[in-house]
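Chemist: Take this structure, written in structure tokens, and hold onto it; I'll ask about it next.
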Ligand code: ADP
Ligand code: ZN
């Protein structure tokens, strides 16, 4: 018997090994094996078996004897045919080696001879359980819009056919209820569902509602699980003991048998995209997995990505809308505060301060958003203009007051702020701009009797710290929550009547064609946290660009208006959804070799290119140095994936054959979400 093995190495090929007769009984696709590989022993994955050598592969073996595997690691297969097919597809599509893709898909499953449930009892749901009555369980009735959406989804589930539904529901319109009803439908048919969420820690309320509804029939998968917890959840899913798996992007590979439904909540979120190694987008893989399993897909969002909305316009997806908030509560009016007209800049304007004070004295809650943690984004010498930068990354160091440190937010670099300017020896260093730490300090001074909590990466380093911060808001032990993007989504707190966006411009001027879309999305999402209860809400947006179309449309809650303006721009410049993009990132320790290799890569692309493909660059990436590596990039645009991918595959091959490029790494990002 011969086994086709994928090895988790940066190699395009898969390999053939012999299976010793005594192991033949244990062989099945999807198990791991230990094999001799070069001079090492490595773990590989069985992807196929055959009794004869496939003729098209025999040339690869040459005169060398075909080696035998050493042993088989698993008693049960770790993935079914669908997940294997999904990984094969993803390996082709994302130009990433199959063995490494499989390794990512199965990461977290330990290398043990037999997977056994850990002896210690694990209850990952504990933290999501609520006292009875705290969460209203099943609403008395669905709204007419919820009913209408569910009717379509139910039809698709009944048929057992692949179909993608974009549930475009404004904030507070009851999307989660639709997800839960749809899961109930698939559970009735004896099938399972997967619900993908952008981040577990910031979506506790959605998970709590699922746990309250489905109780023990829920599994949760995320990166914060301990080893034992992960195995326990994995086994529970594999054995079909749950109706629904809730998890972050890697849960797209969860071993759900008989998949009936996949929900991708906040489908526009960038956290579905893995930004290193296997750069897959879990939303797109989820759709592919559903297609392979003949399952239904619900993409939910108040601010759908341009790509997904475009697919509803072309008829590829079906759009279902929830245009109203529950109980017909109005969306909060948005007041724009024009920072250009202010004398002397203050991060908390008089308008915002008055609104905050009014809320505090009324016993209502407020949410403030600023997309930047730390005390101030940079220090500046008032004598010579010097600003300390990270030696490893091309960014300035952020000042953290409590820790008295200058920190890089991209690598681990951290120093004590110098007493004198390293350049001119002057002593007049000033902290410029504001981060969440500074806003908290300012607010404590301006409204001394307000109870203020802050949520950002600095205050949530410890396990469950998010939970405690949410709790203090839920229990009304805090008046004001200030935070980074962590606070912009998922929160359903009825007492929040004021949302303040401190600087809407912070995401607007990034050198990335999606910056307008991202700004529109976060403004709409954060606005959606206001006025969800009985009291009317309000939103205050402080900005230097009050006329920008993304800010204008967001302030009018006008998704279609924004969509139309943005698609014009995308169409004119040939960006997604009208064109496909692939980014080639070239990195290395030497500035010169990164540059020369990038130029060479472009030459290879040019000499192999077909019509219909545009190539931009090479140029230094906006972050031209990261973690000590210099970075250049090339952008490819094309109408279709296949010719783009085959061009890059060929270029990668030719490039790798040239010894001159040994010191540089090439990373390919298909459908990139970030061009920084
Ligand atoms: P979204 O996810 O669209 O922002 P949610 O699912 O969080 O909205 O719903 C907003 C609130 O309305 C939640 O507190 C939810 O429990 C409640 N809700 C949802 N559907 C109904 C319904 N049919 N009747 C009454 N309340 C509902
Ligand atoms: Zn750094």
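Residue numbers (the numbering used here): 19 to 694. Backbone N, C-alpha and C fix where the C-beta goes; we use that ideal spot for every residue, glycine too. It should be emphasised that the depicted structure is a prediction, and the values quoted were computed from it without experimental measurement.
Taking only runs of the beta strand (DSSP E) that begin and end inside the region 476-542, which ones reach a length of at least 3 residues, in chain order?
Modeler: Listed in chain order, they are 498-501 and 514-519.
Chemist: At which residues does the beta strand (DSSP E) containing residue 596 begin and terminate?
Modeler: Taken as a continuous stretch (DSSP letters only), residue 596 belongs to no beta strand (DSSP E), as it is neither H nor E.
Chemist: Considering only heavy atoms of the ligand ZN, does any lie closer than 6 Å to the CB of residue 431?
Modeler: Answer for residue 431: yes, Cβ within range of the ligand ZN.
Chemist: Taking DSSP as the reference, what is the three-state secondary structure of residue 562?
Modeler: DSSP places residue 562 in coil when its eight states are reduced to three.
Chemist: Would you list the residues sitting across from residue 58 in a DSSP beta bridge?
Modeler: Residue 58 pairs with 55.
Chemist: Assuming residue 631 is part of the beta strand (DSSP E), what are its boundary residues?
Modeler: First-last of the beta strand (DSSP E) with residue 631: 631-644.
Chemist: Got a sec? Which residues, its chain only, sit under 7 Å from residue 393 by beta carbon, not counting five neighbours each side?
Modeler: Same-chain partners within the cutoff: 417, 418, 419, 449, 453, 455 and 456.
Chemist: Is any heavy atom of the ligand ADP found at a distance shorter than 6 Å from the C-beta of residue 513?
Modeler: No, the ligand ADP has no heavy atom inside 6 Å of this Cβ.
Chemist: Give the C-beta separation of residue 120 and residue 26 to the nearest angstrom, bearing in mind that I take them to be a contact with Cβ-Cβ under 8 Å.
Modeler: Right, their Cβ atoms sit about 7 Å apart.
Chemist: Is residue 426 buried or exposed, if buried means 16 or more other CB atoms sit within 10 Å of its CB?
Modeler: Buried, since its Cβ has 16 or more Cβ neighbours within 10 Å.
Chemist: In this structure, does DSSP put residue 356 in helix, strand or coil?
Modeler: Residue 356: strand per DSSP, three-state reduction.
Chemist: Is there contact here, the region 339-348 with the region 188-204, by at least three beta-carbon pairs under 8 Å?
Modeler: Counting Cβ pairs under 8 Å, three or more are found: they touch.
Chemist: So for residue 320, helix, strand or coil by DSSP?
Modeler: Residue 320 falls in the coil class under three-state DSSP.
Chemist: Count the other CB atoms, across all protein chains shown, that sit within 10 Å of the CB of residue 586; report buried if there are 16 or more and exposed otherwise.
Modeler: Exposed is the call here.
Chemist: Tell me whether residue 410 counts as near the ligand ZN, meaning its Cβ is closer than 6 Å to at least one heavy atom of that ligand.
Modeler: Correct: residue 410 has its Cβ closer than 6 Å to the ligand ZN.
Chemist: Write down every uninterrupted run of the beta strand (DSSP E) in the region 180-214 whose length is 3 residues or greater and which is fully enclosed by it, in chain order.
Modeler: Listed in chain order, they are 181-187 and 210-214.
Chemist: Excluding sequence positions up to five away, which residues of its chain have a Cβ less than 7 Å from the Cβ of residue 513?
Modeler: Cβ neighbours of residue 513 beyond the five flanking positions: 382, 383, 494 and 551.
Chemist: Can residue 568 and residue 557 be called in contact, C-beta distance under 7 Å?
Modeler: Result no, Cβ atoms of residue 568 and residue 557 do not sit closer than 7 Å.
Chemist: Go through its chain and collect everything with a Cβ distance to residue 460's Cβ below 8 Å, but skip five positions before and after it.
Modeler: Taken in chain order, the residues that qualify are 365, 366 and 452.
Chemist: Cβ-heavy atom distance between residue 428 and the ligand ZN below 6 Å?
Modeler: True, at least one ligand heavy atom lies under 6 Å from that Cβ.
Chemist: Could you give the residue range of the beta strand (DSSP E) that holds residue 672?
Modeler: Segment 659-675 is the alpha helix (DSSP H) holding residue 672; no beta strand (DSSP E) there.
Chemist: Which residue's Cα is closest to the Cα of residue 649: 538, 482 and 638?
Modeler: Minimum Cα distance to residue 649 is reached at 638.
Chemist: Would you mind working out which of 583, 485 and 572 sits nearest residue 219, comparing C-alpha positions?
Modeler: Residue 219 has its Cα closest to that of 485, out of 583, 485 and 572.
Chemist: Taking the continuous beta strand (DSSP E) assigned at residue 384, which residues delimit it?
Modeler: Run containing residue 384: 383-387, per the beta strand (DSSP E) assignment.
Chemist: Among 142, 685, 507 and 197, which residue has its Cα nearest to the Cα of residue 249?
Modeler: The shortest C-alpha separation from residue 249 is found at 142.
Chemist: Would the beta-carbon of residue 155 be found less than 6 Å away from any heavy atom of the ligand ADP?
Modeler: No, the Cβ of residue 155 stays beyond 6 Å of every heavy atom of the ligand ADP.
Chemist: CA-CA distance, residue 267 and residue 315?
Modeler: Going by the C-alpha atoms only, they are around 15 Å apart.
Chemist: Flag this pair as touching only if the region 105-121 and the region 198-209 have three or more C-beta atom pairs under 8 Å; answer yes or no.
Modeler: Touching, no, given that fewer than three Cβ pairs across the two stretches are closer than 8 Å.
Chemist: Keeping to the same chain, check which residues put their C-beta closer than 6 Å to that of residue 529; ignore five residues upstream and five downstream.
Modeler: Taken in chain order, the residues that qualify are 640.
Chemist: Please report the straight-line C-alpha distance between residue 303 and residue 271, rounded to a whole angstrom.
Modeler: Roughly 9 Å separates the two Cα atoms.
Chemist: Where do the ends of the alpha helix (DSSP H) carrying residue 168 lie?
Modeler: Where residue 168 is concerned, the enclosing alpha helix (DSSP H) stretches over 162-177.
Chemist: Under 7 Å, do residue 523 and residue 554 count as touching if we go by C-beta distance?
Modeler: Cβ atoms of residue 523 and residue 554: not closer than 7 Å.
Chemist: Does DSSP put residue 296 in a helix, in a strand, or in coil?
Modeler: DSSP places residue 296 in coil when its eight states are reduced to three.
Chemist: Go to residue 101, then tell me how far its alpha helix (DSSP H) extends in each direction, as first and last residue.
Modeler: Segment 99-111, the alpha helix (DSSP H) holding residue 101.
Chemist: Drop a sphere of 10 angstroms on the beta-carbon of residue 643, count the other beta-carbons inside from all chains shown, and report buried for 16 or more, exposed for fewer.
Modeler: Buried.
Chemist: Would residue 402 and residue 431 qualify as a contact pair, given that the criterion is a beta-carbon distance under 7 Å?
Modeler: The answer is no: Cβ separation not under 7 Å.
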